[in-house]
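The sequence shown maps to residues 0 to 180 in numbering that gives the first Met the number 0. Backbone N, C-alpha and C define an ideal beta-carbon position, used for all residues, glycine too. Inspection log for the structure reproduced underneath, given as structure tokens.
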Amino acid sequence: MSAPFTLEPRNPEQFRQETRKSNLIVMGTFAVTAMILATLSVKIFGSPEGGNFRWNLAGVIAGVVVTSAIFRLVYLQQPWMESARYNWQLKRCLMSLTNIMHQLNAGVEAQDPVAMKAMRFYHQGLEQMYRLENHESALADLLPESRAHATRLEALGIDTDQSTFDPEWVEQLKAAYKKKP
């Protein structure tokens, strides 16, 4: 299983600026790479009479492959990718909880401490994601539910600061609250 993930304080404006920059670099790399490879494939394999759509398409597909390789091997380790990398990790953690939401809700109903902590992380993670992405209406919708859950945690004596996601929670909740066929 993957390592635990901890929410980090982030400045939303700086975060959006950094993710825009990284997105533009990756899109620019793809555009240039795809254009060069499409041109080369038409020049090498194409026909002077035209009808070179398949060679253009092959160049674009090769551009996707080359850009993906550059992204994984070079860009992902760059400091300017940190915000995008953090966002991707946060969304993966949230999605792993979303994927077991029925089990998570069943655990919360049963006041299972693991489920209660996982739901609190889910709320805190969503709150941060909405703030970082400037999604104010979704944040406003989430806050009452998040506050109500925090109140339940306090009543049970469970710490309301659940800023670290433990991937083991997912496996524990799946095992404890299996879906009934």
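7 Å CB neighbourhood of residue i in its chain, flanking five on each side removed
i: F14; result: S82, L131
i: T28; result: T66, I69
i: N51; result: V41, G45
i: I157; result: P112, M115, K116
i: T159; result: R119, A149, L152, E153
DSSP beta-bridge partners of residue i
i: T5; result: T163
Rounded distance between the beta-carbons of residue j and residue i, thought under 8 Å
i: L89; j: Q127; result: 7 Å
i: S95; j: Q123; result: That belief does not hold up - the Cβ atoms of S95 and Q123 are roughly 15 Å apart, past 8 Å.
i: Q102; j: K173; result: 6 Å
Proximity winner among the options, relative to residue i (alpha-carbon distances)
i: V169; options: L23, N104, M26; result: N104
i: E144; options: R119, N133, D160; result: R119
i: N22; options: I43, K177, M80; result: M80
i: E7; options: A154, R71, R84; result: R84
i: V64; options: L75, Q77, L36; result: L36
i: L75; options: S136, L142, S1, I24; result: I24
i: N98; options: K177, I43, E12, N10; result: K177
i: P11; options: V107, Q77, H134; result: H134
i: V107; options: V73, S1, G62, A175; result: A175
C-beta neighbour in chain D for residue i, strict 9 Å
i: K42; result: The structure shown contains no chain D; it holds only a single protein chain.
Same chain, Cβ closer than 8 Å to residue i, five either side skipped, listed in chain order
i: P3; result: T163, F164, D165, P166
i: N86; result: F14, T18, M128, L131
i: T5; result: S162, T163, F164
i: L93; result: Y121, G124, L125, M128
i: L39; result: G58
Three or more beta-carbon pairs under 8 Å between the segment 108-117 and the segment 44-64, yes or no? They do not touch, by the three-pair rule.
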